[in-house]
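Enquirer:
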Amino acid sequence: MPGTTDLTKLTAAETAARIASGEVTAVQVTEAHLDRIAAVDEKVHAFLHVDREGALAQARAVDDKRARGEKLGPLAGVPLALKDIFTTKGVPTTVGSKILEGWIPPYDATLTQRLKAADVVILGKTNMDEFAMGSSTENSAYGPTGNPWDLTRIPGGSGGGSSAALASYQAPLAIGTDTGGSIRQPAAVTGTVGVKPTYGAVSRYGMVAFSSSLDQGGPCARTVLDAALLHEAIAGHDPLDSTSIDAPVPSVVAAAREGDVAGLRIGVVKEFSGEGYQAGVMQRFNESVELLRELGAEVVEVSCPSFDRALAAYYLIAPSECSSNLARFDAMRYGLRVGDDGTRSAEDVTALTREAGFGDEVKRRIMLGTYALSSGYYDAYYGSAQKVRTLIARDFERAFASVDVLISPTTPTTAFPIGERADDPLAMYLADLCTIPSNLAGNAAMSLPCGLAPEDGLPVGLQIIAPAMADDRLYRVGAAVEAAFVDRWGHHLLEEAPAL
Amino acid sequence: MPGITREEVAHLARLSRLELKDEELDHFAEQLDVIIGAVARVSDVASEDVPPTSHPLPLTNVMRPDEVRPSLTPQEALSGAPAQEQQRFKVPQILGEE
Amino acid sequence: MTVTELVSYEDALATYEPVMGLEVHVELGTKTKMFCGCSTALGAEPNSQTCPTCLGMPGSLPVVNAVGVESAVKIGLALHCEIAEWCRFARKNYFYPDMPKNFQTSQYDEPIAFNGYLDVQLEDGEVFRVEIERAHMEEDTGKSTHVGGATGRIHGASHSLLDYNRAGIPLIEIVTKPIVGAGERAPEVAKAYVAELRELIKALGVSEARMEMGQMRCDVNLSLRPKGAEKFGTRSETKNVNSLRSVERAARFEIQRHAAVLGAGGTILQETRHFHEEDGSTTSGRIKEEAEDYRYFPEPDLVPVAPSREWVEELRAGLPELPRVRRNRLREEWGISEHEMQSVLNAGVIDLITATIEAGADAASARKWWMGELARRANEEGIDPTALPITPAQVARVAALVAEGALNDKLARQVIEGVLAGEGDPDAVVDKRGLKVVSDEGALGTAVDEAIAGNPAIADKIRGGKVAAAGALVGAVMKATRGQADAARVRELILERLGVTE
Ligand SMILES: [Mg+2]
Ligand SMILES: [Zn+2]
Numbered sequence: 072m073p074g075t076t077d078l079t080k081l082t083a084a085e086t087a088a089r090i091a092s093g094e095v096t097a098v099q100v101t102e103a104h105l106d107r108i109a110a111v112d113e114k115v116h117a118f119l120h121v122d123r124e125g126a127l128a129q130a131r132a133v134d135d136k137r138a139r140g141e142k143l144g145p146l147a148g149v150p151l152a153l154k155d156i157f158t159t160k161g162v163p164t165t166v167g168s169k170i171l172e173g174w175i176p177p178y179d180a181t182l183t184q185r186l187k188a189a190d191v192v193i194l195g196k197t198n199m200d201e202f203a204m205g206s207s208t209e210n211s212a213y214g215p216t217g218n219p220w221d222l223t224r225i226p227g228g229s230g231g232g233s234s235a236a237l238a239s240y241q242a243p244l245a246i247g248t249d250t251g252g253s254i255r256q257p258a259a260v261t262g263t264v265g266v267k268p269t270y271g272a273v274s275r276y277g278m279v280a281f282s283s284s285l286d287q288g289g290p291c292a293r294t295v296l297d298a299a300l301l302h303e304a305i306a307g308h309d310p311l312d313s314t315s316i317d318a319p320v321p322s323v324v325a326a327a328r329e330g331d332v333a334g335l336r337i338g339v340v341k342e343f344s345g346e347g348y349q350a351g352v353m354q355r356f357n358e359s360v361e362l363l364r365e366l367g368a369e370v371v372e373v374s375c376p377s378f379d380r381a382l383a384a385y386y387l388i389a390p391s392e393c394s395s396n397l398a399r400f401d402a403m404r405y406g407l408r409v410g411d412d413g414t415r416s417a418e419d420v421t422a423l424t425r426e427a428g429f430g431d432e433v434k435r436r437i438m439l440g441t442y443a444l445s446s447g448y449y450d451a452y453y454g455s456a457q458k459v460r461t462l463i464a465r466d467f468e469r470a471f472a473s474v475d476v477l478i479s480p481t482t483p484t485t486a487f488p489i490g491e492r493a494d495d496p497l498a499m500y501l502a503d504l505c506t507i508p509s510n511l512a513g514n515a516a517m518s519l520p521c522g523l524a525p526e527d528g529l530p531v532g533l534q535i536i537a538p539a540m541a542d543d544r545l546y547r548v549g550a551a552v553e554a555a556f557v558d559r560w561g562h563h564l565l566e567e568a569p570a571l
Numbered sequence: 360m361p362g363i364t365r366e367e368v369a370h371l372a373r374l375s376r377l378e379l380k381d382e383e384l385d386h387f388a389e390q391l392d393v394i395i396g397a398v399a400r401v402s403d404v405a406s407e408d409v410p411p412t413s414h415p416l417p418l419t420n421v422m423r424p425d426e427v428r429p430s431l432t433p434q435e436a437l438s439g440a441p442a443q444e445q446q447r448f449k450v451p452q453i454l455g456e457e
Numbered sequence: 088m089t090v091t092e093l094v095s096y097e098d099a100l101a102t103y104e105p106v107m108g109l110e111v112h113v114e115l116g117t118k119t120k121m122f123c124g125c126s127t128a129l130g131a132e133p134n135s136q137t138c139p140t141c142l143g144m145p146g147s148l149p150v151v152n153a154v155g156v157e158s159a160v161k162i163g164l165a166l167h168c169e170i171a172e173w174c175r176f177a178r179k180n181y182f183y184p185d186m187p188k189n190f191q192t193s194q195y196d197e198p199i200a201f202n203g204y205l206d207v208q209l210e211d212g213e214v215f216r217v218e219i220e221r222a223h224m225e226e227d228t229g230k231s232t233h234v235g236g237a238t239g240r241i242h243g244a245s246h247s248l249l250d251y252n253r254a255g256i257p258l259i260e261i262v263t264k265p266i267v268g269a270g271e272r273a274p275e276v277a278k279a280y281v282a283e284l285r286e287l288i289k290a291l292g293v294s295e296a297r298m299e300m301g302q303m304r305c306d307v308n309l310s311l312r313p314k315g316a317e318k319f320g321t322r323s324e325t326k327n328v329n330s331l332r333s334v335e336r337a338a339r340f341e342i343q344r345h346a347a348v349l350g351a352g353g354t355i356l357q358e359t360r361h362f363h364e365e366d367g368s369t370t371s372g373r374i375k376e377e378a379e380d381y382r383y384f385p386e387p388d389l390v391p392v393a394p395s396r397e398w399v400e401e402l403r404a405g406l407p408e409l410p411r412v413r414r415n416r417l418r419e420e421w422g423i424s425e426h427e428m429q430s431v432l433n434a435g436v437i438d439l440i441t442a443t444i445e446a447g448a449d450a451a452s453a454r455k456w457w458m459g460e461l462a463r464r465a466n467e468e469g470i471d472p473t474a475l476p477i478t479p480a481q482v483a484r485v486a487a488l489v490a491e492g493a494l495n496d497k498l499a500r501q502v503i504e505g506v507l508a509g510e511g512d513p514d515a516v517v518d519k520r521g522l523k524v525v526s527d528e529g530a531l532g533t534a535v536d537e538a539i540a541g542n543p544a545i546a547d548k549i550r551g552g553k554v555a556a557a558g559a560l561v562g563a564v565m566k567a568t569r570g571q572a573d574a575a576r577v578r579e580l581i582l583e584r585l586g587v588t589e
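Chains as they are written, first to last, in my numbering: chain A, 72 to 571; chain B, 360 to 457; chain C, 88 to 589.
1) The segment 378-396 of chain B: which residues have C-beta closer than 9 Å to a C-beta of chain A, in chain order?
2) What in chain B is Cβ-close to Glu172 of chain A, meaning under 8 Å?
3) Just to make sure I have the definition right: I need the residues of chain B whose C-beta is within less than 8 Å of the C-beta of Ala502 of chain A. Which are they?
4) By the 10 Å Cβ neighbour count, where 16 or more other Cβ atoms means buried, how is Met540 of chain A classified, buried or exposed?
5) What does the alpha-carbon distance come out to for the pair Glu85 of chain A and Val150 of chain C?
6) Do you know whose CA, among A:Asp379, A:Ala555, A:Ser239, lies nearest Glu346 of chain A's CA?
7) Find the residues of chain A that neighbour Gln452 of chain B, judging by a C-beta separation of less than 7 Å, and give them in chain order.
8) State the beta-bridge partners of Tyr103 of chain C as determined by DSSP.
9) In chain B, which residues lie with their C-beta within 8 Å of the C-beta of Glu553 of chain A?
10) Starting from the N-terminal end, write out each residue whose C-beta falls within a distance shorter than 6 Å of any non-hydrogen atom of ligand 1.
11) Does DSSP classify Cys291 of chain A as helix, strand or coil?
12) Give me whichever residues DSSP pairs with Gln443 of chain B in a beta bridge.
13) State yes or no: is the C-beta of Thr181 of chain A nearer than 8 Å to some heavy atom of ligand 2?
14) What residues of chain B sit near Asp380 of chain C, judged by a beta carbon separation below 9 Å?
15) Need the endpoints of the alpha helix (DSSP H) that Val548 of chain A sits in, please.
16) Mind checking the segment 265-299 of chain A against chain C and listing, in chain order, the residues whose C-beta falls within less than 9 Å of any C-beta there?
17) Using a threshold of 8 Å, is the CB atom of Lys120 of chain C nearer than that to any non-hydrogen atom of ligand 2?
18) As a quick exercise: from A:Ile489, A:Val557, A:Thr461, pick the residue whose alpha carbon is nearest that of Pro415 of chain B.
19) Anything in chain B within Cβ reach of Glu132 of chain C, meaning under 8 Å, just list it in chain order.
20) Cα separation between Ile395 of chain B and Ala451 of chain A?
21) Please identify, using Cβ separations under 9 Å, the residues of the segment 143-166 of chain A that lie next to chain C, in order along the chain.
22) Could you list the residues in the segment 182-214 of chain C with a C-beta less than 7 Å from some C-beta on chain B, going in chain order?
23) For Ala152 of chain A and Ala493 of chain A, what's the separation of their Cα atoms in angstroms?
24) Name, going along the chain, the residues of the segment 398-418 of chain B whose beta-carbon falls closer than 8 Å to a beta-carbon of chain C.
25) Are Ile489 of chain A and Gly217 of chain A closer than 9 Å when you measure CB to CB?
26) The alpha helix (DSSP H) that contains Leu258 of chain C, what's its start and end?
27) On the DSSP bridge list, what partners appear for Met517 of chain A?
28) Strictly by DSSP, which residues pair up with Pro480 of chain A?
29) In chain order, which continuous runs of the beta strand (DSSP E) of length 3 or greater are located wholly inside the segment 313-394 of chain C?
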């Protein structure tokens, strides 16, 4: 039996297999991860809340189930780090914001319920940019998270806590949400795997809304197979979410086990290169293209001319929806209340509370969205952005008529230093340049590691994009690429990360 | 595209119920002006004949049957309330319509 | 402005033509709310019918109530509207503590029903067509109670208490096009429209539409323009006018107020006004310093509603007879005048009379009981006639007993009293109270003989041909039999015994 520290290095699939076989108990696995959190999270700050008791209780239930001879699911007893954007009954949920400090939801998100039903052990809630607005986790009201590869750099965002938890072996699985790249960009800069499923694949019920028509929860892991196992655990129709897909979940686990690209047509998006793209990022990307050719794929260049308007459309649509979604934080029914001294009106108390409870980025986007929806501006801004959305969807449609998947770098650069872009919103927004089109179109995309940039030794992400409802293609291609790289490197990329 | 003034930011803040401080008004006016300048480019490709997309999925008619589901208990409903009285949410005096 | 400064109604109408717009909100009678599965049952304790969705909790999402949509389509069809082939919900953004999400999920430029009309019949039978602009789906708000003020009103209150049981209950908002050409009858048209709409809603079975319970609420928008002018004047919006009588009074008051302001060279402010039941006046609401900008946009948490044409036609085929058509049919069947029908409508007993007739009674007696004895009782107790503890079948049985001579009117009233008092069915009451017309000829004959013997002078008068005097003897017999005799038969027997014919 391996020592407890080794338990944190296992993949989710291996962990589940050992628990199922009785080699280790779920409690041992959970304790090993809780110990790891205790040892390193002071430095990383991946977690906002660790639910020690809850996690151990879940683990004990798994062990009891096994003792009773009940069949265990494919992820039973595997620990997971949950982004603090999903409601958890009885466990604090802050969405990285002061305005929800101390809020204990009276209900579980559908995703939370599914994780519990799959006997996944929820270790706690991870740090994030406030209301998922950001690309660095610096916008968290509770302080930034460090990138385990270099703690002075950002772990990506908004789901930096989840990606950092994976990269620092605090959990083998994590959950993220991706509105403009918040799963894929953190995965890219931490050398982990992150998937934004097709919009509607994973229920949004109980996932605190940022931009309803873009938000999508998804799996984060250290391997493509682990991500697939988690994907199948959380995806599926939910009658409580009107935008949930009512169709069978694609067989992503089978696709991840097959991992084959021979005969596939793969498109390289021409627009995702050039100015602003780090040389080392492009070098690793180009090597990935070569690798895919070697594996038997046919790689062609495709053009998606409308993508250069994607960022602009995104920064109108997302703020517009968030200005309305976040109106409910008014100090009346839950959360922070500031300035209620018995003389002030409800209106004033709401305004004072929102002023005190929201950070700068949230205020900026609320005002930007309020502006874009205002009468007189609606057509030029929100209305035009929705037309751009149509054009982007058409570009994808045209591309997917001739290729099976598209590929690009996940991000133009590797992890930048904490603080570097904090005062320059536009520079920050560029981090999501390659990821945003898929949110606007609603299709599926994955980021997985494709090497370290030579100039800074930091991870580079390869993005794979598949048509809506064809999430399995991500896993088929991703698993093939991962296997080939592991073969070439002799190990997983993460093993090159410095010890904490 | 027109730039955004400090007064417009103050108006947006009122609509958004944000009690911004003076220095924030200046700061945000400057930043929003830059951002709006950058995002305004959506309108040059948005011609008449392009239909808007408000939603990525082509779903319609998603409805639920008119069947009662369990509610929260009043205690659960009020569990996060900043203040409560008589099993109701207690809020500061409301200005406005009667 | 006080009432004394108003221009007289006649003077106002001599100079101006009123233009009205009516916005009616109907709370649907669905079992659950519009976007969540919480119950809509009345009378529950505060905040016991709430969930994350209707409390606007972080993470919650709406799902449309299918019966809410079906009801909206039915209302649209009954109002002769076109039904949208594709429409969406929209968010109407504004902050208010009774609205948990600080936006109302409503419909904006894509209502589910539009372009219809409702014919309304005024009391004298004249029919006026009110054009319908749209009917759309939305949700109600929570209920606030203002505490600490002297009057329980918002002004002067120290704080408010919120109960969100009502938040999210489905509403259909029905908006008319500008109503022009009603002239002096505008207030009457307003009242008749709301009354007709209420009947329609009830007939469709989509709501009980009880105005006193807030299930139907009306906003009266009104403006005046000089007679012959093209352009509409500035309108006032009088909110929450919640009875038929108030609708008429509010319109009338605003006509007089507008005329006074305009006549004095003033301008009408486009503002919200509040109606006061006590004196029928309206007063200005809060003047907003900035125009509302609701920043409507398509609700991204809901998908479009696209009623199929087949379904719409199915619903159209299943519509009940429209109330006005039905009323006219029944009026003819019952053989009564417009005015009599109007009284029946006002008494709220059309369905009760219909059901009583269906249970076997003839139209005249069904109408007689419900419009007489029973309407009086309901009125005395301040309840709806439908709430009386007597069924149309029971009333029909009473009518049958009268028709077959087992009861006379006086006894029948006692039977109804017994049924209302909970003594059981009419037959049981007859039994228990011993209420039967004495038809035993022997017993009746004895009573008649005794009456003749006891009143020789009267008997002589009758023998002498003064048949009219028989009434006194009939009265004596009825008294002796405690009212249980058939008065007509008694009279026959008296005349027979005294050898007189009529
Ligand atoms: Mg409305
Ligand atoms: Zn509810």
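Just so it is clear, CB atoms sit at the ideal spot from N, CA and C, and this is done for glycine as well.
Expert: This is what the structure gives:
1) Glu378, Leu379, Lys380, Glu383, His386, Phe387, Gln390, Leu391, Val393, Ile394, Ile395
2) Going along chain B, no residue has its Cβ under 8 Å from Glu172 of chain A, so there is no contact; the nearest lies around 11 Å.
3) Within 8 Å Cβ-Cβ: nothing; Ala502 of chain A doesn't reach chain B, min ~15 Å.
4) So Met540 of chain A ends up on the buried side.
5) 39 Å
6) A:Asp379
7) Ser416, Ala417
8) C:Pro313
9) Those do not exist, as Glu553 of chain A stays about 28 Å from chain B at its closest Cβ, beyond 8 Å.
10) C:Ser193, C:Glu225, C:Glu260
11) strand
12) B:Phe448
13) no
14) Within chain B, the residues Leu374 have their CB atoms less than 9 Å from the CB of Asp380 of chain C, given in chain order.
15) 542-560
16) Residues passing the 9 Å Cβ filter: Ser274, Arg275, Tyr276, Gly277, Met278, Val279, Ala280, Ser282, Ser283, Ser284, Leu285.
17) If you check the C-beta of Lys120 of chain C against ligand 2, you find a heavy atom less than 8 Å away.
18) Here the closest residue by C-alpha is A:Thr461.
19) Pro433, Gln446
20) 11 Å
21) Result list: Ile156, Phe157, Thr158, Thr164, Val166.
22) The residues in question are Phe182, Pro184.
23) Looking at the two C-alpha atoms, the distance is approximately 26 Å.
24) Ser413, His414, Leu416, Leu418
25) yes
26) According to the DSSP assignment, Leu258 of chain C belongs to no alpha helix (DSSP H) but to the beta strand (DSSP E) extending over 257-263.
27) A:Val266, A:Ile535
28) A:Leu533
29) 323-328, 359-363, 368-371
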